[in-house]
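Numbering follows UniProt numbering, with no gaps: position 93 of the sequence shown is 93.
Where is the CB? At the ideal position from N, CA and C, for every residue including glycine.
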Amino acid sequence: MKKENMTITNHRRIARNIYEMELEGKLVQETAGPGQFLHILPPASDSMLLRRPISICKTDKKTSRLTIIYRAEGKGTNQLAFAPEESRLDVMGPLGNGFPAENVSPGEHVLLTGGGIGVPPLYDTACDLREKGIELTTVLGFSDKETVFYEERFRELGDVYVSTEDGSYGTAGFVTDVIASEKLSFDRIFACGPVPMLKALEDAYPNARGSISLEERMGCGLGVCLACVCRSREDSDGTDYRKICSDGPVFSWGEVLL
């Protein structure tokens, strides 16, 4: 983990309130795998003490650049949306673990399921798996047509299905509706998104092999402040917790209570 003032080399809006930012710095060389995150201090943040956790979407160690995608919805991320190219951001990372793409065996079919701002960390995962020749199917869930992003990027790597809650694009409903209606089969599943989506997936496929990545507000990002804990499924007396920032954000399927 490093702390670095990284340079913004590209920054653009790609959907309603959704921004893609490319950062350059030595920190990129520390990334260990798809699914990790950065802890970013928004610019002009004199009134804010906490950093914002944002997942890494794609890394390129050859150029020392990485891409993040975030939703501008609060004071910190709205300030971030106005950060100009060539300016610098105070960044800590990479933090947390990642999706265990190395555990996927040749011949397996992997289902990637992302909801909203949970989509970005799955892109680097998809690229990593395709480089290994793994067959992919991706299901992306959004609130409406105006919030859809990266559909074509994922389509370059395998079959893609999209759902929107209001039915304005793709299948009306949720990612679980797509999986059921299309009768999608898989050997392993990787998912990231809001807790209700992840819970619906684990309830529908309790015996699946795979991993989930949790989205959560964080304090320190290092496992010290205990602001982002969740209970283990094996917790019989209410004392066995996992820290999302340091034990996660990726957990085995069924490992934690949702």
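Continuous beta strand (DSSP E) stretch holding residue i: start and end
i: P75; result: Looking at the sequence shown, residue 75 is not Pro but Lys. Element bounds for K75: not the beta strand (DSSP E) but the alpha helix (DSSP H), 75 to 81.
i: V229; result: 229 to 231
i: P84; result: Premise fails: P84 is in no beta strand (DSSP E) and is neither H nor E.
i: G114; result: 109 to 115
Three-state secondary structure (DSSP) of residue i
i: R51; result: coil
i: S185; result: coil
i: R155; result: helix
i: N207; result: coil
i: L222; result: coil
i: V139; result: strand
i: L258; result: coil
Cβ pair residue i, residue j closer than 7 Å
i: I244; j: F149; result: no
i: residue 262; j: R155; result: Here the chain has residues from 1 to 258 only, and residue 262 is not among them.
i: G115; j: P249; result: no
i: P94; j: T7; result: no
i: T125; j: F190; result: yes
i: H39; j: G221; result: yes
i: I179; j: L198; result: no
Buried versus exposed, by CB contacts within 10 Å (16 or more), residue i
i: S163; result: buried
i: T63; result: exposed
i: R242; result: buried
Residue range of the unbroken alpha helix (DSSP H) whose run includes residue i
i: Y123; result: 120 to 131
Pick from the options that is closest to residue i, judged by C-alpha positions
i: R209; options: G170, K132, F186, D235; result: F186
i: V119; options: T138, G107, L129, P106; result: T138
i: D144; options: R130, V160, E135, G170; result: G170
i: M21; options: E4, T59, R51; result: T59
i: T9; options: G219, G25, N17, M1; result: G25
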